[in-house]
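> Dumping the structure here so I can ask a few things about it.
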Ligand code: SF4
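Now the structure itself:
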């Protein structure tokens, strides 16, 4: 899939400046477009770090829309950078549908602009594609490259990330001398930006699993308290929280027998490296299109809660004040799923 820099075919310019999970779910689209020619990707600095080493990407253009490239001058500067490298026959794919992203493609001088018919920036598109709310988001994004009503098979829908030697070296250094270097481990990702997406029983889950598996906790620096609460119950659990770049976290998750995660970014990292996944859903549901895509993907969710789903992302607090969608998912039931995932026979 490697794309030579001198490829004379028209380039595709994928613009995806959303959350990191969306960036991961854009990789099937990027792979499909790379079959036709070089692919440039415009994404956030964090997204660019995640797509580093991706063999289908010719050029990464970081767009720090809330930082160094904020405002109209940053928009023009980034548009120039996109246009300078894209070539006269480039086609833009608006995986992120804001008016700003559409404007970026327009200012870059890209004449053909493909995006969803439902997006805020749709008036700036030359080709509008139906947004299938009932499809997985990876397939929705992939459909930007496809003919009308075409469907992707499972193999083409799997996202992929490519940690390199430096990311693996960071993981080696983190695990050296720990329980997780000595025996198979399960990764736990207890965090989420949205409070009600956080299942509250990771410490009890860790206690239940610790005799059979080493444990590694993944997440951002903001998850330090969650990691500490897990280590109270499982003192040998290794905390990678806040210590690894995201692509190195993907390399770490790739080594796990399984990942137990909320409906959050680590779930998509596991999908992209093929690690068996237990995904815990509370106020959100997989039918929103953001469920796990790993070859072994198990869902922990409350099947009899008429209030589910109650919010697109997960509200700050349970509007009914009981939070039963999460509180009634027992640690024992999730531990059973984790063991099942960890003993499944799969390969990435
Ligand atoms: S309203 Fe229902 S789905 Fe929403 S957080 Fe509360 S228990 Fe969960």
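Residue numbers (this note's numbering): 331 to 678. Quick reminder that beta carbons are idealized off the backbone N, C-alpha and C, glycines included. It should be emphasised that the depicted structure is a prediction, and the values quoted were computed from it without experimental measurement.
I'd like to know if the segment 392–401 and the segment 374–384 are in contact, where contact means that at least 3 CB-CB pairs between them fall below 8 Å.
Yes, the segment 392–401 is in contact with the segment 374–384.
> Could you check whether the segment 500–520 touches the segment 540–549, counting it as contact only if at least three pairs of C-beta atoms, one from each stretch, sit closer than 8 Å?
Yes, they touch.
> Just mark residue 469 as buried or exposed, buried being the case when its beta carbon has 16 or more other beta carbons within 10 Å.
Counting Cβ neighbours within 10 Å, residue 469 comes out buried, since at least 16 surround it.
> Under 7 Å between the Cβ atoms of residue 455 and residue 439?
Result no, Cβ atoms of residue 455 and residue 439 do not sit closer than 7 Å.
> Output the distance between the C-alpha atoms of residue 673 and residue 664, rounded to the nearest integer angstrom.
Distance between the alpha carbons of residue 673 and residue 664 is about 14 Å.
> In angstroms, rounded to a whole number, what distance separates the CA positions of residue 605 and residue 659?
Their Cα atoms are separated by approximately 22 Å.
> Are the Cβ atoms of residue 422 and residue 396 separated by less than 7 Å?
No, Cβ-Cβ distance for residue 422 and residue 396 is not below 7 Å.
> May I ask you to verify whether the segment 340–354 touches the segment 418–435, counting CB pairs closer than 8 Å and requiring at least 3?
The segment 340–354 vs the segment 418–435: in contact.
> Measure the C-alpha to C-alpha separation of residue 407 and residue 384 and round it to an integer number of angstroms.
Spanning the two alpha carbons is a distance of roughly 25 Å.
> What are the boundary residues of the alpha helix (DSSP H) that residue 601 is part of?
Run containing residue 601: 595–603, per the alpha helix (DSSP H) assignment.
> On the DSSP letters alone, give me the boundaries of the alpha helix (DSSP H) that residue 561 sits inside.
554–563 is the extent of the alpha helix (DSSP H) around residue 561.
> What do you reckon, are the CB atoms on residue 471 and residue 607 nearer than 7 Å?
No, they are not a contact pair.
> Across which residues does DSSP place residue 457 in a beta bridge pair?
DSSP, once it has assigned bridges, lists 444 as partnering residue 457.
> In chain order, what are the residue ranges of uninterrupted beta strand (DSSP E) at least 3 long that sit wholly in the segment 624–661?
Those beta strand (DSSP E) runs which fall completely within the segment 624–661 and span 3+ residues are 627–631.
> Which runs of the alpha helix (DSSP H) fall wholly inside the segment 353–401 and span at least 4 residues, in chain order?
Runs of the alpha helix (DSSP H) inside the segment 353–401: 357–364 and 375–381.
> For residue 618, which three-state DSSP category applies?
In this structure, residue 618 counts as helix in the three-state DSSP scheme.
> Looking at the ligand SF4, does it come within less than 6 Å of residue 650, judged from the CB to the closest heavy atom?
Yes, since a heavy atom of the ligand SF4 falls inside the 6 Å radius drawn around the Cβ of residue 650.
> Determine the extent of the beta strand (DSSP E) in which residue 532 is found, giving its start and end residues.
Not the beta strand (DSSP E): residue 532 falls in the alpha helix (DSSP H), residues 532–539.
> Would the beta-carbon of residue 553 fall within 7 Å of that of residue 571?
For residue 553 and residue 571, yes; Cβs fall inside 7 Å.
> Would residue 644 be called buried (16 or more neighbouring beta carbons within 10 Å of its own) or exposed?
Answer is buried; the Cβ neighbour count reaches 16.
> Could you tell me which of 653, 530 and 551 sits nearest to residue 639, measuring between CA atoms?
Among 653, 530 and 551, the Cα nearest to that of residue 639 is on 653.
> Over the uninterrupted alpha helix (DSSP H) stretch that includes residue 500, give me the two end residues.
Run containing residue 500: 495–505, per the alpha helix (DSSP H) assignment.
> Identify the continuous beta strand (DSSP E) that holds residue 518 and give its terminal residues.
Taken as a continuous stretch (DSSP letters only), the beta strand (DSSP E) holding residue 518 covers 515–519.
> Nearest to residue 576 by CA position, among 400, 666 and 354, is which residue?
Nearest of 400, 666 and 354 to residue 576, Cα basis: 354.
> Verify whether the separation of the beta carbon atoms of residue 427 and residue 451 is less than 7 Å.
Cβ atoms of residue 427 and residue 451: closer than 7 Å.
> Going by beta-carbon coordinates alone, are residue 586 and residue 491 separated by less than 7 Å?
No.
> With residue 591 as the anchor, note down where its alpha helix (DSSP H) starts and where it stops.
Premise fails: residue 591 lies in the beta strand (DSSP E), 588–592, not in any alpha helix (DSSP H).
> For a quick check, are the C-beta atoms of residue 400 and residue 369 less than 7 Å apart?
The answer is no: Cβ separation not under 7 Å.
> Cβ of residue 526 within 6 Å of any heavy atom in the ligand SF4?
True, at least one ligand heavy atom lies under 6 Å from that Cβ.
> Using 8 Å for Cβ pairs, my map puts residue 629 next to residue 649. What's the rounded Cβ distance?
The pair is not a contact, with the Cβ atoms about 23 Å apart (cut-off 8 Å).
> Around the Cβ of residue 341, are there at least 16 other Cβ atoms within 10 angstroms (buried) or fewer (exposed)?
Result: buried.
> Go through its chain and collect everything with a Cβ distance to residue 525's Cβ below 6 Å, but skip five positions before and after it.
Cβ within range, chain order: 646.
> Is residue 587 near the ligand SF4 - that is, is its Cβ less than 6 Å away from at least one heavy atom of it?
The answer is no for residue 587.
> Using C-beta distances below 6 Å, list every residue in its chain close to residue 419, excluding the 5 sequence neighbours before and after it, in chain order.
Once the five neighbours on either side are set aside, the close Cβ partners of residue 419 are 340.
> Taking the alpha carbon of residue 512 as the reference point, which residue from 500, 567 and 466 has its own alpha carbon closest?
Residue 567 is the option with its Cα nearest to residue 512.
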